[in-house]
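The opening residue of the sequence shown carries number 38 in the numbering used here; numbering runs sequentially from there. Ideal placement from N, C-alpha and C gives every residue a C-beta, glycine not left out. None of these values were measured; they are calculated from a predicted model. Written below as structure tokens is the structure these notes are about.
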Amino acid sequence: MNYRVIIIALKSVICCLFFSFFVTNTYAQNEKISFVNPILAGDNPDPSILREGEDFYMVHSSFEYYPALPIWHSRDLIHWRPLTNALEQYVGSVWAPDLVKVQDKYYIYFPANDTNYVIWAEDIMGPWSAPIHLDISMIDPGHVVDADGNRYLYFSSGSYVPLSKDGLKIAGSAVHSYDGWVIPREWSIECFCMEGPKLFKKGEYYYLTVAQGGTAGPATGHMVISARSKSPLGPWENSPYNPIIRTEKSDEKWCSVGHGTIFDDSRDNWYMVFHGYEKGYYNMGRQTLLTTVEWTADDWFKIPDGVRVDQELFIPNLIKGTPEKASISDDFNSKTLKPNWKFFKQHDASRYHFADEKLVLKGQGNGVADCSPLLVTPQDHCYMAEVTMEIEKDAIGGLVLFYNEQAYSGILADKANILGNLRGWQFVTEEGVINRKVRLRLKNMHHKVDMYYSIAGEDWVKIENSLETSAFHHNVLSGFMSLRIGICSIGDGQVKFDNFKYTPLTIDGKVMIN
Numbered sequence: 038m039n040y041r042v043i044i045i046a047l048k049s050v051i052c053c054l055f056f057s058f059f060v061t062n063t064y065a066q067n068e069k070i071s072f073v074n075p076i077l078a079g080d081n082p083d084p085s086i087l088r089e090g091e092d093f094y095m096v097h098s099s100f101e102y103y104p105a106l107p108i109w110h111s112r113d114l115i116h117w118r119p120l121t122n123a124l125e126q127y128v129g130s131v132w133a134p135d136l137v138k139v140q141d142k143y144y145i146y147f148p149a150n151d152t153n154y155v156i157w158a159e160d161i162m163g164p165w166s167a168p169i170h171l172d173i174s175m176i177d178p179g180h181v182v183d184a185d186g187n188r189y190l191y192f193s194s195g196s197y198v199p200l201s202k203d204g205l206k207i208a209g210s211a212v213h214s215y216d217g218w219v220i221p222r223e224w225s226i227e228c229f230c231m232e233g234p235k236l237f238k239k240g241e242y243y244y245l246t247v248a249q250g251g252t253a254g255p256a257t258g259h260m261v262i263s264a265r266s267k268s269p270l271g272p273w274e275n276s277p278y279n280p281i282i283r284t285e286k287s288d289e290k291w292c293s294v295g296h297g298t299i300f301d302d303s304r305d306n307w308y309m310v311f312h313g314y315e316k317g318y319y320n321m322g323r324q325t326l327l328t329t330v331e332w333t334a335d336d337w338f339k340i341p342d343g344v345r346v347d348q349e350l351f352i353p354n355l356i357k358g359t360p361e362k363a364s365i366s367d368d369f370n371s372k373t374l375k376p377n378w379k380f381f382k383q384h385d386a387s388r389y390h391f392a393d394e395k396l397v398l399k400g401q402g403n404g405v406a407d408c409s410p411l412l413v414t415p416q417d418h419c420y421m422a423e424v425t426m427e428i429e430k431d432a433i434g435g436l437v438l439f440y441n442e443q444a445y446s447g448i449l450a451d452k453a454n455i456l457g458n459l460r461g462w463q464f465v466t467e468e469g470v471i472n473r474k475v476r477l478r479l480k481n482m483h484h485k486v487d488m489y490y491s492i493a494g495e496d497w498v499k500i501e502n503s504l505e506t507s508a509f510h511h512n513v514l515s516g517f518m519s520l521r522i523g524i525c526s527i528g529d530g531q532v533k534f535d536n537f538k539y540t541p542l543t544i545d546g547k548v549m550i551n
């Protein structure tokens, strides 16, 4: 036997296998995937993002929607799923939070009701602590740790306060550190309005990003500003690339872009997550957007030349396969509410339970305005929402579009009648047509909303009244809310809800169902 020939052949096979592995692995490391903003559609403003290894976690302002501070998870930065809600106790409207991890604990700092709070957990899934009052009235806390482990909170004023070692108390007086960036007077902005400080360290510098220009108002107002310092306490040097991002013309797709957080992945690629209103769809709220950033030779970051957030973008493929998109539909077969459901202002767990694979919701209030509807966030320009209801006693159930207590509309039913509700004006539109059980539908086509009902699986019947909802947004109504789909239970009795179904009617902006 010619062993020399065999050895040479084996070496050739090994070399081929190694080369194949090297090429495949190199390709996997360099493979790009494309996406089109937003990465998280619907009302998800003021994003704060935390990377832990290969996992990304994100929280947003949750305002008056409770349970509050939903935590989202992704491994590829494009597909996101809600994991849990970090805040159960109502403390008021929750604004721009900051999610951080220090040693072995997670913290979320957030303002609400003219003060600030912190909650903490040893696991991102919880349980999260009750809110701890920090007794300081500034907004938009941003957390940073210095080289010696000292902890600080920055606020929208450009001031910081020291924290206790455990991060649960204010440990000193506020010190002003940063004045922001001078906005040219000829630009159309809402106000100077510095807000949303976020801090991180890279190399020898600490970097600070803030939003300026006002989060609503003119489309060109909001922007991301950056500065750096060799100390987290300043003095700060403004970036020569300011504003890092801004809507320059009012006809751009994404308006009022701002509130950026800079972060990296495990391969040292860098990104910025931020928010913006979509032109023509302000009632969807501020949506979460993503762009890549690059570093210059003199240690500044900027958006790469030619990159536009309203066009197809490419980022490294961080995982194998494509994760399944989180579903908004709910068959109510679970024994707990999915984390994407939110009550308006109140979260009274005694109001609801699950029975026979249905959600049973006790009636409350005298109408849609004070019933604390249970809401989900639509993610599409055009969609259908449907739900089956069984009315008990003298309750009224409904499927509504809800902005706040003064701005809502929808289709409702009592034990016998179909009711219409147009901005609070409620009336019988179909009399004596049901016997306690009905399926309702809202069909939203670019703000024109038609309403339907169906009995015992029969054909859908459109009621006479339709809605126009394009004005249900902050620039008209204030409050920083969005137009959300809601189910409601009103009055004496309860409503059993079954098979809530959400169906997008557009794909990549094209209408698929008329």
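When the five nearest sequence neighbours on each side are left out, the beta carbons in the same chain lying within less than 7 Å of the beta carbon of Gly-209 are those of Val-198, Pro-199, in order along the chain. Using a Cβ distance threshold of 9 Å, Gly-402 and Phe-534 do not count as a contacting pair. Within the same chain, and ignoring the five residues on either side of Met-518 in sequence, the residues whose Cβ sits closer than 6 Å to its Cβ are Tyr-440, Asn-441. In the structure shown, the three-state DSSP call for His-213 is strand. Inclusion of Val-475 and Ile-527 in the CB contact set at 9 Å is not warranted, their separation being larger than that value. Look at His-259 here: in three-state DSSP terms it is coil, with no helix or strand label.
If you ignore the 5 residues before and after Ser-491, its C-beta comes within less than 6 Å of the C-beta of Arg-476, Trp-497, all in its own chain and listed in chain order. 9 Å or more divides the Cβ of Ser-268 from the Cβ of Met-231. Within the region 430–487, complete beta strand (DSSP E) segments of at least 3 residues are found at 433–441, 444–450, 455–459, 462–467, 474–482, given in chain order.
Taking 9 Å as the cut-off, the Cβ atoms of Val-397 and Leu-449 do not count as close.
Shortest Cα-Cα distance from Asp-151 to any of Trp-157, Gly-129, Leu-136, Val-344 involves Gly-129.
As the crow flies, the alpha-carbon of Ser-214 is around 6 Å from that of Gly-271. Contact fails between the region 339–359 and the region 246–255, because fewer than three Cβ pairs, one in each stretch, are under 8 Å apart. In the DSSP assignment, the residues bridged to Gln-324 are Gly-313. The beta strand (DSSP E) runs lying completely inside the region 100–158 and spanning 3 residues or more are 105–111, 118–124, 135–139, 142–149, 152–158, given in chain order. With at least 16 other beta carbons inside 10 angstroms of its own, Met-488 counts as buried. A contact is defined here as three or more CB-CB pairs under 8 Å, and the region 276–293 meets this definition with respect to the region 326–343. Relative to the Cα of Ala-133, the nearest Cα in the group Val-437, Gln-383, Lys-235 belongs to Lys-235.
Look at the beta carbons and you see the region 349–359 not touching the region 367–382: under three pairs across the two are nearer than 8 Å.
Comparing C-alpha distances from Arg-112 to each of Lys-238, Met-95, Val-413 shows the shortest one belongs to Met-95. Annotated three-state conformation of Ala-386 is helix, per DSSP.
In the structure shown, His-511 adopts helical secondary structure according to DSSP, grouped into three states.
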